[in-house]
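Q: Order-wise, the sequence lines are chains A and B.
Using numbering that gives the first Met the number 0, you'd call the opening residue of the first sequence number 0 and step up by one each time.
Using numbering that gives the first Met the number 0, you'd call the opening residue of the second sequence number 0 and step up by one each time.
2 protein chains.
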Amino acid sequence: MKNLNNITTIAFDADDTLWINEHLFRITEQRFVDLLSEYVTDKTVIDKLYDAELRNLQHFGYGIKGFILSMIETAIELTNGEVKGCDLQKFIDWGKDQINHPVHLISGVEEVLNSLQGKYKLILITKGDLFDQESKIARSGLASLFNHIEIVSEKNKETYSSILLKYNINPIEFLMIGNSLKSDILPVLNIGGKAIYIPADTTWVHEAVSDSDIADKNYIELSSITKLIPNLEM
Amino acid sequence: MKNLNNITTIAFDADDTLWINEHLFRITEQRFVDLLSEYVTDKTVIDKLYDAELRNLQHFGYGIKGFILSMIETAIELTNGEVKGCDLQKFIDWGKDQINHPVHLISGVEEVLNSLQGKYKLILITKGDLFDQESKIARSGLASLFNHIEIVSEKNKETYSSILLKYNINPIEFLMIGNSLKSDILPVLNIGGKAIYIPADTTWVHEAVSDSDIADKNYIELSSITKLIPNLEM
């Protein structure tokens, strides 16, 4: 890893970097699997749901509303259309539960952000549904700690280049921190920025990358966001 | 209306100002009404669907995904949960049709934007689902004509103030153009900006305002976007 001395801007991913998120999808998924267990095996449900999610990304993008619609499509498919509306209403209600679930910050997040504020320009860059992300940001209580907040539909090289251009940031001064190698780390390295990977307990399989994608890639991996300050001061 | 001589920035709403949108919701709604006509009257379906949309705005925000989920909930309610999955799949498919529908620009839009480009800073400010709006903007072919594009979850005074602050625009130099008195005109007038109202053929009832809300409000109403240039040059 190149040293971090010349960093002026630190950007953070939100879901599963600042607060717990994927875990809530897995809880909803388990309720879905349990409800369909009389028809098919758990593995079939999970596989078919993932197929539907991938198929629907092009229509619905990321986020909980698309997830609810994918659960509904999967249940219809797995029951040959026989599933009744009253069961499908449950999926919508679970989705609403998830949307309204309290935002649980990951341990140490507030202290780390407070400590960095004023020393670096701080940006929050999160991917997903605009309405859902805005609601989580507001409820997190963290919004005022960031200089800029960017909610994007996809995190690729072009997304990061466009944000850096917008705020007139040189990539060599830019550090991205997140839990997804695919969305937070690789595209930032590819445009000449720096990146710190902090794996989450649960990561959606869609965010996985192959070993060859990260071979020779120059990033730091930390076990917790609380290790960030000591690494910046090294 | 105060004169428009000192305007430096012109912002445009997108749905039903630059391209046709609400009409597509009404087509989908009519298919929905027709499918449920064996159970209940058309008026009941429309009223119940609107109730569901309003109830779900707090969970899902604006946009087609929330609309699909509201259709599903309404059909479940109106059939006492008996509606079958195979019928509900139709609503999802109609939603996908609508999402992928070609973007039809309103007549004159390209000419007007081309004529204004370079003379004014141009901003597109649109409310709704991030993924859906980005897709429509990309397919419209208009993105390169705007200096900035802002996709927001709600259009109120705070939204406009925040955008003007971000781009360092004085409200008295700012003109907003749109088809919704509630979202495009009143909040801009309320922060000291100027506004031109161009009614669309079809406007969602949720965007309606009362006569008392617009009494004494100082805005221009035009019958078509093609009338914009002559008004700016007056």
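We treat Cβ as the ideally placed atom computed from N, Cα and C, and that holds for glycine.
When DSSP labels each residue in this structure, what does H100(B) get in the three-state scheme?
A: coil
Q: Between L56(A) and N5(B), what straight-line distance do the alpha-carbon atoms span, to the nearest angstrom?
A: C-alpha of L56(A) to C-alpha of N5(B): approximately 45 Å in a straight line.
Q: Output the boundary residues of the beta strand (DSSP E) element that contains I176(B).
A: F173 to G177
Q: Taking Cβ positions only, does F59(B) come closer than 8 Å to chain A?
A: yes
Q: Listing by chain order, which chain A residues have their CB less than 8 Å from the CB of L87(B)?
A: Here the neighbours are I71, I75, G84 and L87.
Q: Is the CB of T27(B) under 8 Å away from at least one CB in chain A?
A: no
Q: What residues from chain A crowd round L123(B), counting only those whose CB sits closer than 9 Å?
A: Correct list: empty, because the minimum Cβ distance to chain A is about 15 Å.
Q: If I'm right that I150(B) touches H58(A) with Cβ under 8 Å, what's the distance once you round it to whole angstroms?
A: About 18 Å separates the Cβ atoms of I150(B) and H58(A), ruling out a contact at the 8 Å cut-off.
Q: Please say whether D15(A) and A199(A) have beta carbons closer to each other than 8 Å?
A: yes
Q: Pull up the distance between the alpha-carbon of V32(B) and that of L77(B), whole angstroms please.
A: 11 Å
Q: Hey, out of I71(A), G94(A) and L123(A), whose CA is closest to I176(A)'s CA?
A: L123(A)
Q: Buried or exposed: where does D210(A) fall if 16 or more other Cβ atoms within 10 Å of its Cβ makes it buried?
A: exposed
Q: Among residues of its own chain, excluding the 5 on either side of K118(A), which ones have a beta-carbon nearer than 8 Å to its beta-carbon?
A: Answer for K118(A): no residue qualifies.
Q: May I ask you to list the residues that DSSP assigns as paired with V111(B)?
A: Paired residues: none, contrary to the question.
Q: Does the distance from the CB of D128(B) to the CB of Y61(B) come in under 8 Å?
A: Their beta carbons are under 8 Å apart, which means D128(B) touches Y61(B) by this criterion.
Q: Between the region 126 to 157 of chain B and chain A, which residues of the former have CB atoms less than 7 Å from a CB of the latter, in chain order?
A: D128, L129, F130, E133, I150 and S152
Q: What distance in whole Å lies between the Cβ atoms of V102(B) and K135(B), which are believed to be in contact at a cut-off of 8 Å?
A: 5 Å
Q: Note down, in chain order, each residue of its chain lying with its Cβ closer than 7 Å to the Cβ of T235(B), except the 5 sequence neighbours on either side.
A: Any answer about residue 235(B) is impossible in this case: the structure gives chain B only from 0 up to 233.
Q: Is it true that the CB of T202(A) sits closer than 8 Å to the CB of S179(A)?
A: yes
Q: Can you list, in chain order, the residues of its chain with a C-beta nearer than 7 Å to that of I75(B)? Leave out the 5 residues immediately preceding and following it.
A: V82
Q: Using the Cα positions of V208(A) and A194(A), report the straight-line distance between them to the nearest angstrom.
A: Using only the alpha carbons, I get a separation of about 16 Å.
Q: Please classify D215(A): is it buried, with 16 or more other beta-carbons within 10 angstroms of its beta-carbon, or exposed?
A: exposed
Q: Measuring only from the beta carbon, is N2(B) closer than 7 Å to any heavy atom that is part of the ligand SAM?
A: Within the structure as shown, the ligand SAM is missing, as the structure has no ligands at all.
Q: So, does the region 216 to 231 of chain A touch the region 154 to 163 of chain B, judging by three or more C-beta pairs under 8 Å?
A: no
Q: For the beta strand (DSSP E) holding A10(A), just list the boundary residues, first then last.
A: T8 to F11
Q: On the three-state DSSP scale, how would you describe K216(A)?
A: coil
Q: Could you confirm whether any beta carbon from chain B is found closer than 8 Å to the beta carbon of E37(A)?
A: no
Q: What does K64(A) reach in chain B if we use C-beta pairs closer than 7 Å?
A: F59, K64, G65 and L68
Q: Would V187(A) and Y49(A) be called neighbours here (beta carbons separated by less than 8 Å)?
A: Here V187(A) is not near Y49(A), since their CB atoms are 8 Å or more apart.
Q: Do I168(B) and T40(B) have their beta-carbon atoms positioned less than 8 Å apart in this structure?
A: no
Q: As a quick exercise: from E232(B), Y38(B), E206(B) and G192(B), pick the residue whose alpha carbon is nearest that of A10(B).
A: G192(B)
Q: Sorted by chain position, which residues of the same chain lie with C-beta nearer than 8 Å to W18(B)'s C-beta, five sequence neighbours on each side aside?
A: V102, H103, L104, I105, V108, K135 and S139
Q: Return the bridge partner residues of Y119(A) from the DSSP annotation.
A: Q116(A)
Q: What did DSSP end up calling I168(B) once you bin it into helix, strand or coil?
A: In the three-state DSSP reduction, I168(B) falls in the coil class, being neither helix nor strand.
Q: According to DSSP, which residues form a beta bridge with T125(A)?
A: I150(A)
Q: Is the shortest distance between the beta-carbon of T8(B) and the beta-carbons of chain A less than 8 Å?
A: no
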